[in-house]
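Asker:
In our numbering, the protein residues as written are 37 to 181.
1. In the DSSP assignment, find the unbroken alpha helix (DSSP H) run with residue 79 in it and report its ends.
2. In chain order, what residues of the same chain lie with their CB nearer than 6 Å to the CB of residue 46, ignoring the 5 residues before and after it?
3. What is the residue span of the alpha helix (DSSP H) that residue 139 lies within?
4. Please say whether residue 80 and residue 109 have beta carbons closer to each other than 8 Å?
5. If contacts are defined as beta-carbon pairs under 8 Å, then residue 133 and residue 93 qualify, I think. What distance do you get, rounded to the angstrom?
6. With DSSP as the reference, label residue 92 as helix, strand or coil.
7. Could you spell out the range, first to last residue, of the alpha helix (DSSP H) harbouring residue 161?
8. Just mark residue 89 as buried or exposed, buried being the case when its beta carbon has 16 or more other beta carbons within 10 Å.
9. When you compare only the Cα positions, how much space is there between residue 166 and residue 85?
10. Which residue wins for smallest C-alpha separation from residue 168, given the options 74, 75, 72, 82?
11. How long is the line joining the alpha carbons of residue 97 and residue 157, rounded to whole angstroms?
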C-alpha cells in the first residue's frame, strides 16, 4: 500500500490527500450542520424510532455481505471500533443486544455457515444524528455484564 493509501475500519481502500482526506469527503463534511456529533469509539446511541438500517456480514474470506433490516425504537448500538477520521461520514457499530439482533436480522443459513464471522451496522452521520440519541461517550463491552 502506498503512502497515500490506507484502509478504513471496515477494510475499504481510501486514497488520502496531504491533509488525510479526499476533497469530496471534505465537501460532504462541509454540508453537515455544525451541531452534528461525529462519533468515536465508545459512543452509545439509542434508536429514536423504528427504522431500516444497513448491516454488513463479515466472513472468513475476503468479502462481505450486506442487507437491510429493522432496528426498533429504543434499541441501542455502540461504536465498538476505532474511528480513523476526526469527522467520519459513515461509522460501523454493533448492537448492544448483539445475539438477539443477530438472530432476528441475519438469516440462519448465514449464521450457520462455517465462514461467517459476525455482523455490524454501517451508518451515515446524518442518520446517526437525526434518528439516534447519544446516551454516553465511554461505553465498552465490559459494561454489558
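Ideal Cβ positions, reconstructed from N, Cα and C, are used throughout, including at glycine.
Note that the structure is a prediction, hence the values are computed from the model and not measured.
Answerer: Quick answer:
1. No alpha helix (DSSP H) contains residue 79, which DSSP labels as neither H nor E.
2. Note that residue 46 scores 48 on pLDDT, short of 50, meaning its location in the model is unreliable and no value can be drawn from it.
3. It spans 134-141 - the alpha helix (DSSP H) in which residue 139 sits, taken as one unbroken run.
4. Not in contact: residue 109 and residue 80 (Cβ atoms no closer than 8 Å).
5. Going by Cβ atoms, the distance from residue 133 to residue 93 rounds to 18 Å, so no, they are not a contact pair.
6. Of the three classes helix, strand and coil, the one that applies to residue 92 here is strand, per DSSP.
7. In the DSSP assignment, residue 161 falls within the unbroken alpha helix (DSSP H) covering 161-167.
8. With at least 16 other beta carbons inside 10 angstroms of its own, residue 89 counts as buried.
9. One C-alpha to the other measures close to 10 Å.
10. Closest by alpha carbon: 82.
11. Straight-line spacing of the CA atoms in residue 97 and residue 157 works out to 19 Å.
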